[in-house]
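Read top to bottom, the protein sequences are chains A and B. Counting from 1370, one number per residue, gives the positions in the first sequence under the numbering used here. Counting from 707, one number per residue, gives the positions in the second sequence under the numbering used here.
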Amino acid sequence: MTEHVLQVEGLRKAFGGHVAVDDVSFSLRPGGSLAIVGESGSGKTTTARMLAGLERPDAGRIRVAGRDRSDAARGRAGRLARAREIQMVFQDPYLSLDPRVTVARCVEEPLRLHLGAGAREGRARRDELLARVGLGEREAAALPRQLSGGQRQRVALARALATAPKVLVLDEATTALDVSVQAQILELLAEIRRDTGVGYLFVTHDLALVRHVADDVLVLYEGRVVESGPTVEVLSAPRHPYTRLLLHSVPRRGWDPARIAADRRALATALREGPASSGAPHPNTNPPTRSVSP
Amino acid sequence: MTVLPLRRHRPSTPARLLGGDRLVTAALAVLAVPAVAAVCAPLIAPYAPDAVDLSATLSGAGAEHLLGADQSGRDVLSRLIHGARTGLLGPLLVVVVSTVAGTLLGVAAAWLGGAFDALLSRAMDLVFSFPALLLAILLVAVSGPGLTAPVLAMSVAYAPYVGRLARSAALQEKTRPYIQAYRVQGWSGWAICLWHLVPNIAPLVLAQSVTNFGYALMDLAALSFLGFGVQPPTADWGAMVNEGAAALLQGAMLPALAPGAAIVITVVAFGIVGEALADRVARRER
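#1: For proline 939 of chain B, which residues of its own chain have a beta-carbon under 6 Å away from its beta-carbon, when the five flanking residues on both sides are left out?
#2: From the DSSP output, in three-state form, read off threonine 1416 of chain A for me.
#3: I'd like the list of long-range same chain contacts for proline 740 of chain B, defined as Cβ closer than 8 Å, with 5 residues on each side in sequence excluded.
#4: Isoleucine 1561 of chain A: which of A:Gly1385, A:Ala1606 and A:Val1582 sits nearest, CA to CA?
#5: Where do the N-terminal and C-terminal ends of the beta strand (DSSP E) with glutamine 1460 of chain A fall, by residue?
#6: Less than 8 Å between the CB atoms is what I'm expecting for glycine 1505 of chain A and leucine 1557 of chain A, so what's the real figure, rounded?
#7: Ordered along the chain, which non-local residues of its own chain (more than five positions away) have a Cβ less than 6 Å from that of threonine 1543 of chain A?
#8: Under 7 Å Cβ to Cβ from phenylalanine 934 of chain B, same chain only, skipping five residues before and after it: list those, please.
#9: Pop quiz: glycine 1592 of chain A and glycine 1385 of chain A are said to be a contact at Cβ under 8 Å. What is the actual Cβ separation, rounded to whole angstroms?
#10: Output the residue ranges of the alpha helix (DSSP H) runs that lie fully inside the stretch 1533–1598 of chain A and measure 4 residues or longer, sorted by chain position.
#11: For proline 1399 of chain A and chain B, any beta-carbon pair shorter than 8 Å?
#12: Note the first and the last residue of the continuous alpha helix (DSSP H) segment covering valine 730 of chain B.
#13: Check whether the Cβ of arginine 882 of chain B lies closer than 8 Å to any Cβ atom in chain A.
#14: When we look at the beta-carbon of cysteine 746 of chain B and count the other beta-carbons within 10 Å, is it buried (16 or more) or exposed?
#15: Tell me the DSSP secondary structure of glycine 820 of chain B in three-state form.
#16: What is the DSSP secondary structure of leucine 772 of chain B, counted as helix, strand or coil?
#17: Would valine 1572 of chain A and valine 1538 of chain A qualify as a contact pair, given that the criterion is a beta-carbon distance under 8 Å?
#18: Once the 5 residues before and after leucine 840 of chain B are set aside, which same chain residues still bring their CB inside 8 Å of it?
#19: How is threonine 1654 of chain A classed by DSSP in three states: helix, strand or coil?
#20: Kindly list, in the order they appear in chain B, the residues whose Cβ is closer than 8 Å to that of alanine 1452 of chain A.
#21: So, for leucine 783 of chain B: in the same chain, excluding its five sequence neighbours on each side, which residues have a beta-carbon less than 6 Å away from its beta-carbon?
#22: Which residue wins for smallest C-alpha separation from tyrosine 1611 of chain A, given the options A:Gly1623, A:Val1594 and A:Thr1600?
#23: Are the Cβ atoms of valine 970 of chain B and leucine 737 of chain B separated by less than 8 Å?
#24: So if I threshold CB-CB distances at 8 Å, which residues from the stretch 894–915 of chain B count as touching chain A?
#25: From aspartate 759 of chain B to leucine 853 of chain B, what distance separates their C-alpha atoms?
#26: Taking any Cβ of chain B, which residues in the stretch 1416–1431 of chain A have a Cβ under 9 Å from it, in chain order?
#27: Which same chain residues end up closer than 8 Å to proline 1468 of chain A when comparing Cβ atoms and leaving out the 5 residues on each side of it in sequence?
#28: Output yes if chain A places a C-beta closer than 8 Å to the C-beta of glutamine 777 of chain B; else output no.
#29: Tell me whether the beta-carbon of glutamate 1378 of chain A lies closer than 8 Å to the beta-carbon of arginine 1398 of chain A.
#30: To the nearest whole angstrom, what separates the beta carbons of threonine 1416 of chain A and leucine 1380 of chain A, a pair I think is in contact under 8 Å?
#31: Check whether the Cβ atoms of valine 911 of chain B and phenylalanine 931 of chain B sit closer than 8 Å, and answer yes or no.
#32: Which residues of chain A have a Cβ atom closer than 9 Å to the Cβ of glutamine 886 of chain B, listed in chain order?
#33: Is there contact here, the stretch 1459–1466 of chain A with the stretch 1514–1523 of chain A, by at least three beta-carbon pairs under 8 Å?
#34: Pick helix, strand or coil for histidine 1617 of chain A, following the three-state DSSP scheme.
#35: Just how far apart, CA to CA, sit alanine 984 of chain B and glycine 977 of chain B?
#36: I'd like to know if the stretch 1595–1608 of chain A and the stretch 1420–1440 of chain A are in contact, where contact means that at least 3 CB-CB pairs between them fall below 8 Å.
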């Protein structure tokens, strides 16, 4: 099973009495691209945070490149090893960069920590990374507040790539950007994946985005996987009512918010009564095998 | 590639840094006076602080003694200028010690959380509930009068003010994605707090510390006034008010009034500058 760069089994996380993520399993092949889709509160961000080590799972296993990463990293070596496997790009480019640190230093810091690179070597690698994401010397000397949202997200991307991770978690990484900038960043992401073979895990609510960037998709609803499989199949022929609802919720011609609200209520009632009456446990889901639950 | 014009920084003077307000500029100018007096006291004071001129005892303002002389015939202006040394050094030590200790405790409580946070927060509440002056008097009773005991006691008493502020600021900062990005990069908690979290909350903490400077000055002067701080014959504003109090009955205002005015003006100026700093930090946050 080491062919998968990232393998997640039975992940679960509860905050107080609320179960945010419940029995989530999926895997990502090297250089693959998986999207975790769901609305706010579906547990997708909590899942991303557990992968990045920012949150500890209550149960379940996270394996990265064959090594177990379920527990909090212990010691410097553990922290660094984990950082070289998974990196994360955050949603809000206005908050994810240290306001006091210039772009150049922002990218140099992880290089210094991980490569112990000499000053010259570090600078060369930094310039390479900045060029990779399309930033020049002018931006390198700037502080984050002097940059636009798109430029900031490029900096965050360069910073995440500095440790040459095997998996990059993108938590709504393009949501805060306007559409044209979003397209540029997505183009850049596709290019980087082709060149470096890094695997992407998109966490998003944007189905249009999923269609463009993800090979496989995982639909989360109230912390559970309700549908998963190749993007094309899931989006063209959704089997689960929640996936259909998500697809219908995208504004377009003839779009009726009232109708969707009604659908949503029906879905909530059906799901609440469904598992209780049948009493059947959720079958495990594993992309790319197509499966639906409940 | 997108190219945007980058804003360049204008050279910043202290006054502009504080928002370019006229009141703030005035307050800074006022604060410069005791600061300069403290640094070059022997150069600018017309007399030595302990020089006695018995013929001038309790004389009012005049050409020979600009602010008159006290009941022992010592020049009030010279004592005022020399008094700025202990008057500013005491609060400076208090502010430095309480800022460092408070920031350390506050950030540690916020970062580690859980039982450690609960313990530290309750300990800070405990110190809060204890009047600073009483703490200082207790300490003086144990270790004898002088500058050390009051400064130590005030440092302990002021640390929770800084600590509480640093804790709440650090708690907010800790959840920011940039701090989490450092964690994902593999930095240790120590490195993140020391190099990134503390510098980012520093302006807020420093604004509070500048305000604290004024309060500490007032508290230390009160202690000297009560006879628990700097001992006579050393020139000190609080002690001068005490010594001059008896002269008030004999109609000589200046020996007590001049140091009193110096204390009030300095404390108010520190308050204005501290508030301007805090305003500026708040504006930048938004």
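We put the beta carbon where it would ideally sit given N, CA and C, even for glycine.
With the given structure in hand:
#1: Asp756
#2: helix
#3: Ala790, Gly793, Leu794, Ala968 and Thr972
#4: A:Val1582
#5: Neither: glutamine 1460 of chain A is in no beta strand (DSSP E) and is coded neither H nor E.
#6: With 8 Å as the limit, glycine 1505 of chain A and leucine 1557 of chain A do not qualify as a contact, their Cβ atoms being about 15 Å apart.
#7: Gln1551 and Ile1554
#8: Ala842, Ile843, Val846, Pro851 and Pro856
#9: No, glycine 1592 of chain A and glycine 1385 of chain A are not in contact; Cβ-Cβ is about 14 Å, not under 8 Å.
#10: 1548–1565 and 1576–1582
#11: no
#12: 728–745
#13: yes
#14: exposed
#15: helix
#16: coil
#17: yes
#18: none
#19: Confidence in threonine 1654 of chain A is poor, its pLDDT being 40 and thus under 50, which makes the residue's placement too unreliable to answer from.
#20: Val890, Gln891 and Gly892
#21: Leu772 and Leu773
#22: A:Val1594
#23: no
#24: Ser894, His902, Pro905 and Asn906
#25: 28 Å
#26: Arg1418, Ala1421, Gly1422 and Leu1423
#27: Leu1512, Pro1513 and Arg1514
#28: no
#29: no
#30: 7 Å
#31: no
#32: Arg1418, Ala1421, Leu1423, Met1457, Phe1459 and Ser1465
#33: yes
#34: helix
#35: 10 Å
#36: no
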